[in-house]
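**Q** Input: one structure, supplied below.
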Amino acid sequence: MPMTALDIFKLLPKKNCGECGVPTCLAFAMMLANKQAELTKCPYVSPDVVEQLESSASPPMRTVKVGNIEIGGETELFRHEKKFFNQTAYALIIEDDVDDQRIVERAKKLDAMKYERIGIVSGVDLIGVKAKGDAQRFSDAVTLVNDNSGLPLVLMSEDPEVVESGLKVVSKSKPLIYAGSTNNCASMAKLAKEYACPLALYADDIDELVSLSEVAKSEGIEDIVLDLNLGAKPLRQTLEWLTILRRLSVKKLFRPLGFPVMINLDNGADVETQAIRAAIGTLKYTSLIIFKDLDPARLYPLTTLRTNIYTDPQALIQVNPGLYEIGKPNRNSPVIVTSNFSLTYFTVASDIEASKVPAHLLVVDTEGLSVMTAFAADKFTPEKIAETLTEYKVADKVDHRKLIIPGMIAMLKMKLEELTGWEVIVGVKDSSALPKYLKELSNG
Amino acid sequence: MVVSNFGVTVMVAIPKENWSGKIKEVAFGATDDEGGTRDRKLRLGGETTLPFLAFEGAVSRPAIGMEVIDHLGEDYPQLIIDEVGDVIRDPVAWADACVNIYGADFVCLKLLSTNPEEENISAEDAASLVSTVLKQVKAPLVIQGSGDYEKDSRVFEICGEAAKGEQCLLARAEQDGYKSVAVAATANDHAVVAFSNIDVNIAKQLNIMLTEFGVPPDHIVSDPLMAGVGFGMEYAYSAMERIKLAGLVGDKMLQSPMIADISVAWSAKEAYRIDANLGDERDRAVFWEVATALAALMAGANALILRHPKSVAIIRNVVDELVG
Ligand code: B12
Ligand code: SF4
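Shown next, in the form of structure tokens:
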């Protein structure tokens, strides 16, 4: 909730001395409200007022950068109200009490746990290096992980000395310090300050978490991530607290909790339980999830769910209409029609690729709707397809006059043949049958 | 007011919403004291807050159902066939397994073979299957048609009668074909599943039309169309969430409990395609369905129709933990 010029004016010294560069306090207030002036221009505002004004200008939930990954910065409770901004980051743990070789292997493995789906690469975002022993071992492990993966790190230890040994190695890439708690908050905060790294705060209870946040703030720490031990609480309480924390930050503008929230699932739960909690956390208000471990069979669905929830509800994800070459098509290769909804395009393109039959893929502008949806909305019409065929001069690129259309829109065949003079072949309904279908077509 | 260990004084007031609306409670399944023969009675809806937020209102326990199809299409996932075994070819035995082995709260019997463009079995034959299922399997039943308006109206008429007094759900009534379902339901004391297409306005419109047509509001369950993870889930999720919120702030025509058919999770081939990079396809398929179900639950679904027996077990645990 930004303050109005009048709200700001009430807080100014009302000396009308002009030292700020404009003649009156009111004029200055108006400039501040329009973000055309800096508060520091007025030498007479009290520190109290400075803080009040600054906090009213800051967003409800801070965006925190861990390495190159941004988390938090959310403003809504429900995605349809605007959108969710920074998708839940997933971190997997490497413990430092195994031999070097295994650390190296696991670091490489986690680094490679990424999947490309509809043009988006998604997977493991961070590695949590967890200390099980002394500072020297931790620092070695951090070095190994850092040298063998490009992922930003979470430095996991309760001992400030151990954390510092890791910070000395990787502070440049801004790892997350995990975590400051009642026992060590002040010293962890000092480290965060000294090395300019974000700090996670851990408490089992909300009041305690608030006090930790105040302590960190008094040490000058701004990049905070909150852990209310939600990975270990009963699921029902986890969901309730996630909701409460989000409401406190974005609706109540409760500053001590205006930070991204994380869940640590490193508590003995099996992979399936972790994945279930992570799915709920991704749907509901969690900015960072630390897993003890996760297999691709769960990670892949999770990243897909995450992509879904964090897409902008106001914007359909689409590709440009046009004539795309899949493989290296020639003048005899088939021409295949589809819609310009990203999901449809990438699904069909990858199914054509799998067939190893090169093809021309004619992508019609259906305004980002899938084949069936576009058909139902009258946006995948014979006229539209005919127009696209002409627009992209398909007739100049192939010697044949055959067009394969999705099986779902078989009813367009006659009209389309009439409009184009091309022979229209009704393809399979589901493009996953395309490999078989195209092979048969090209063989006979 | 809280004074912490560090001497910092802060106030944390837990923010609670005071919703003015309440989701309608729809009775699903009649036991013998009501003239039915079901062994349990499910109540869908009745909550006064968002899903599982017991700290600020009454929550309701979502019912977990399973699908049974009278005739499997060619593209029915082999993973399910392998898991369920031979009984999958016999809808009565399959329904029995769903309830008595896998622990489903209810069965959704999909009468796909009534489809004029496929098997085209008669409404009478479908009704005799419904009767047999009702006799053998005592859990509440959703009777779902093939989606062909004309045929469905006949199927609902005959099947609705065959199931009279059992308080089934008849699925589904659509905007341009709701009357015959509504008649079949009200005449035999069943509830109607009102199907709209990821569209809050249509969901509302349909409820208005059904109510004006004489279907009591506590005999309507909304199906705003679930979509699988990776296959439009985000649209369905937001539509359901918006419907639930509108109901809670008091829109009477958006207060029906919602049912979500989670079998749509299987429309994403990547859920179970064999691909070593993506891990074991059996685990992946189950989790894909589980993830879709979790999305439906978080968005406010009051009843789920699941496909894989393992996801039933998993979701039951989750619901137990969430409802407490
Ligand atoms: C998400 C969704 C929406 C989203 C839109 C998402 C989008 N960007 O398109 C929203 C909510 C906006 C929407 C709206 C509507 N929708 Co809609 N929607 C869906 C849903 C759930 C998923 C669609 C999807 O993402 N499919 C995935 C893509 C990849 O599928 P696809 O493009 O068809 O491609 C496949 C095949 O066609 C084939 N293929 C594609 N290209 C080619 C090419 C060749 C050569 C071959 C061989 C094959 C092939 O392979 C692909 C992979 O299998 C479906 C139901 C479902 N589960 O399918 C309903 C569905 C498509 N919608 C439907 C309807 C009716 C509508 C509305 C008209 C509803 C309304 N009354 O408002 C509106 C219309 C939109 C508008 N007015 O703006 C109906 C269509 C009914 C019909 N038979 O015509 C469906 C089937 C739901 C249903 N069961 O009733 N919808
Ligand atoms: S310098 Fe401060 S006190 Fe003086 S006019 Fe500007 S705002 Fe007012």
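Chains as they are written, first to last, in this note's numbering: chain Z, 3 to 446; chain X, 4 to 327.
Beta carbons: idealized from backbone N, C-alpha and C, even for Gly.
It should be emphasised that the depicted structure is a prediction, and the values quoted were computed from it without experimental measurement.
If you measure from the CB of Ser149(X), is any heavy atom of the ligand ADP nearer than 8 angstroms?
**A** Only the ligand B12 and the ligand SF4 can be found as ligands here, which leaves the ligand ADP out of the picture.
**Q** Within the 9 angstroms Cβ cut-off, does Ser241(X) reach chain Z?
**A** Stepping through the second sequence from its first residue, residue 241(X) is reached at position 238. So, interface residue.
**Q** Do Thr26(Z) and the ligand SF4 come close, with the Cβ less than 8 angstroms from some heavy atom?
**A** Within the first sequence, numbered from 1, the residue matching residue 26(Z) stands at position 24. Checking every heavy atom of the ligand SF4 against the Cβ of Thr26(Z), one is found closer than 8 angstroms.
**Q** Excluding the five sequence neighbours on either side, which residues of its own chain have a C-beta within less than 7 angstroms of the C-beta of Ser434(Z), listed in chain order?
**A** Here residue 434(Z) refers to the residue found at position 432 of the first sequence. Asp353, listed in sequence order.
**Q** By Cβ distance below 6 angstroms, which residues in the same chain neighbour Ser183(Z) in space, the five residues on each side in sequence not counted?
**A** Counting from one through the first sequence, the residue named residue 183(Z) turns up at place 181. Excluding residues within five positions, the ones whose Cβ falls inside 6 angstroms are Tyr204.
**Q** Going by DSSP, what residues sit across from Arg119(Z) in a beta bridge?
**A** Locating residue 119(Z) in the first sequence gives position 117, where the first residue counts as 1. In DSSP, Arg119(Z) forms a bridge with Ile122(Z).
**Q** For Trp291(X), which option in Gly231(X), Leu173(X), Pro227(X), Gln81(X) has the closest C-alpha, if you only look at C-alpha atoms?
**A** Counting from one through the second sequence, the residue named residue 291(X) turns up at place 288. Closest option to Trp291(X), Cα to Cα, is Gly231(X).
**Q** Nearest chain Z C-beta to Asp286(X) closer than 9 angstroms, yes or no?
**A** As a position in the second sequence, residue 286(X) is number 283, starting the count at 1. It does; some Cβ of chain Z falls within 9 angstroms.
**Q** Can you give me the Cβ contacts of Lys84(Z) inside the same chain, cut-off strictly under 7 angstroms, excluding the 5 residues immediately before and after it?
**A** Within the first sequence, the letter at position 82 stands for residue 84(Z). The answer, listed in chain order, is Thr77, Glu78.
**Q** Would you verify that the beta carbon of Leu325(X) is, or is not, closer than 9 angstroms to some beta carbon of chain Z?
**A** Within the second sequence, the letter at position 322 stands for residue 325(X). So, interface residue.
**Q** Just to confirm the assignment, what range does the beta strand (DSSP E) spanning Phe348(Z) have?
**A** Taking the first residue of the first sequence as 1, we reach residue 348(Z) at position 346. Element bounds for Phe348(Z): not the beta strand (DSSP E) but the alpha helix (DSSP H), 344 to 357.
**Q** For Glu121(X) and chain Z, any beta-carbon pair shorter than 9 angstroms?
**A** For this step, residue 121(X) is matched to residue 118 along the second sequence. No, no contact with chain Z.
**Q** Pick helix, strand or coil for Phe30(Z), following the three-state DSSP scheme.
**A** To locate residue 30(Z), count along the first sequence from 1; it is residue 28. If DSSP states are grouped into helix, strand and coil, Phe30(Z) belongs with the helices.
**Q** For Ala361(Z) and Pro336(Z), which I take to be in contact (beta-carbon distance under 8 angstroms), what is that distance rounded to the nearest angstrom?
**A** Numbered from 1 along the first sequence, position 359 holds the residue referred to as residue 361(Z). Numbered from 1 along the first sequence, position 334 holds the residue referred to as residue 336(Z). 5 angstroms between Cβ atoms; contact.
**Q** Buried or exposed: Ser220(Z), going by 16 or more other Cβ atoms within 10 Å of its Cβ?
**A** For the purposes of this step, residue 220(Z) is identified with residue 218 of the first sequence, where counting begins at 1. So Ser220(Z) ends up on the exposed side.
**Q** Examine chain Z for any beta-carbon lying closer than 9 angstroms to the beta-carbon of Leu82(X), and answer yes or no.
**A** Taking the first residue of the second sequence as position 1, residue 82(X) is located at position 79. Answer no: the Cβ-Cβ gap between Leu82(X) and chain Z never drops below 9 angstroms.
**Q** How many whole angstroms separate the CB atoms of Gln258(X) and Ile26(X), which I take to be in contact at a CB cut-off of 8 angstroms?
**A** Sequence index remark: in the second sequence, residue 258(X) carries index 255 (1-based). Sequence index remark: in the second sequence, residue 26(X) carries index 23 (1-based). Their Cβ separation, rounded to whole angstroms, is 5 angstroms, which keeps Gln258(X) and Ile26(X) in contact under 8 angstroms.
**Q** Going straight from the alpha carbon of Pro177(Z) to that of Asn280(X), what length do you get?
**A** As a first step, residue 177(Z) is located in the first sequence; it is residue number 175 there, counting from the start. As a first step, residue 280(X) is located in the second sequence; it is residue number 277 there, counting from the start. Going from the Cα of Pro177(Z) to the Cα of Asn280(X) covers about 29 angstroms.
**Q** Please list, in chain order, the chain Z residues whose beta carbon lies closer than 9 angstroms to that of Asp283(X).
**A** Sequence index remark: in the second sequence, residue 283(X) carries index 280 (1-based). Simply Asp297, Pro298, Ala299.
**Q** Residue range of the beta strand (DSSP E) that Cys111(X) falls in?
**A** As a working mapping, residue 111(X) is identified with position 108 in the second sequence. Here the beta strand (DSSP E) through Cys111(X) covers 109 to 113.
**Q** Candidates Pro80(X), Arg157(X), Glu160(X), Asn320(X): which alpha carbon is nearest Glu274(Z)'s?
**A** Here residue 274(Z) refers to the residue found at position 272 when the first sequence is read from its first residue. Glu274(Z) has its Cα closest to that of Asn320(X), out of Pro80(X), Arg157(X), Glu160(X), Asn320(X).
**Q** By the criterion of Cβ-Cβ separation under 8 angstroms, what are the contact partners of Met146(Z) in chain X?
**A** Position 144 of the first sequence, counted from the start, is the residue given in the question as residue 146(Z). The question names Met, but residue 146(Z) in the sequence shown is Leu. Under the 8 angstroms cutoff, chain X gives no residues; its nearest Cβ is about 25 angstroms from Leu146(Z).
**Q** Closer than 8 angstroms, Cβ to Cβ, to anything on chain X: give me those residues from the stretch 266 to 287 of chain Z, in chain order.
**A** Taking 8 angstroms as the Cβ-Cβ cut-off against chain X, the residues of the stretch 266 to 287 of chain Z that qualify are Glu274, Ala277, Ile278, Ala281, Ile282, Leu285, Lys286.
**Q** Show which residues of chain Z have a CB atom less than 8 angstroms away from the CB atom of Val232(X).
**A** Here residue 232(X) refers to the residue found at position 229 when the second sequence is read from its first residue. In chain order: Pro303, Thr306, Leu307, Asn310.
**Q** Determine the burial state of Thr245(Z): buried for a count of at least 16 other Cβ atoms within 10 Å of its Cβ, exposed for fewer.
**A** On the first sequence, residue 245(Z) is found 243 positions in, with the first residue counted as 1. By the neighbour-count rule (16 or more Cβ atoms within 10 Å), Thr245(Z) is buried.
**Q** Could you confirm whether any beta carbon from chain X is found closer than 9 angstroms to the beta carbon of Phe256(Z)?
**A** Residue mapping note: residue 256(Z) aligns to position 254 of the first sequence, counting from 1. Yes - at least one Cβ of chain X is within 9 angstroms of the one on Phe256(Z).
**Q** So, with DSSP's three-state summary, where would you put Thr368(Z)?
**A** Position 366 of the first sequence holds residue 368(Z). Looking at Thr368(Z) - three-state DSSP - the assignment turns out to be coil, as it is neither helix nor strand.
**Q** At least one CB of chain Z closer than 9 angstroms to the CB of Ile277(X): is that the case?
**A** Taking the second sequence and counting its residues from 1, the one referred to as residue 277(X) is at position 274. Chain Z contact via Cβ: absent.
**Q** How is the alpha helix (DSSP H) around Leu301(Z) delimited, first residue to last?
**A** As a first step, residue 301(Z) must be located in the first sequence, where it is residue number 299. Per DSSP, Leu301(Z) belongs to the alpha helix (DSSP H) from 298 to 311.
**Q** Quick check on Trp191(X): does DSSP put it in helix, strand or coil?
**A** Indexing the second sequence from 1 puts residue 191(X) at position 188. The identity of residue 191(X) in the sequence shown is Asn, whereas the question assumes Trp. DSSP places Asn191(X) in helix when its eight states are reduced to three.
**Q** Could you give the distance in angstroms between the alpha-carbon of Asp101(Z) and the alpha-carbon of Gln239(Z)?
**A** Here residue 101(Z) corresponds to residue number 99 of the first sequence, with the count starting at 1. Here residue 239(Z) corresponds to residue number 237 of the first sequence, with the count starting at 1. Rounded to whole angstroms, Asp101(Z) to Gln239(Z) spans 38 angstroms at the Cα level.
**Q** Ignore the nearest five residues each way along the sequence and tell me which others in Arg64(X)'s own chain have a CB closer than 8 angstroms to its CB.
**A** As a first step, residue 64(X) must be located in the second sequence, where it is residue number 61. Val322, Val326.
**Q** Which residues bound the alpha helix (DSSP H) around Met236(X)?
**A** The residue you call residue 236(X) lines up with position 233 of the second sequence. Segment 236 to 251, the alpha helix (DSSP H) holding Met236(X).
**Q** Would you call the stretch 154 to 170 of chain Z and the stretch 62 to 76 of chain Z in contact, with 3 or more CB pairs under 8 angstroms?
**A** Touching, yes, given that three or more Cβ pairs across the two stretches are closer than 8 angstroms.
**Q** Any beta carbon from chain Z within less than 9 angstroms of Val11(X)'s own beta carbon?
**A** Start at 1 with the first residue of the second sequence, and residue 11(X) comes out as number 8. Residue confidence for Val11(X) is low, a pLDDT of 48 falling below 50, so the modelled location carries little weight; the figure read from the coordinates is stated next. With 9 angstroms as the cut-off, Val11(X) counts as an interface residue toward chain Z.
**Q** I need the DSSP call for Arg64(X), collapsed to helix, strand or coil.
**A** Sequence index remark: in the second sequence, residue 64(X) carries index 61 (1-based). Arg64(X): coil per DSSP, three-state reduction.
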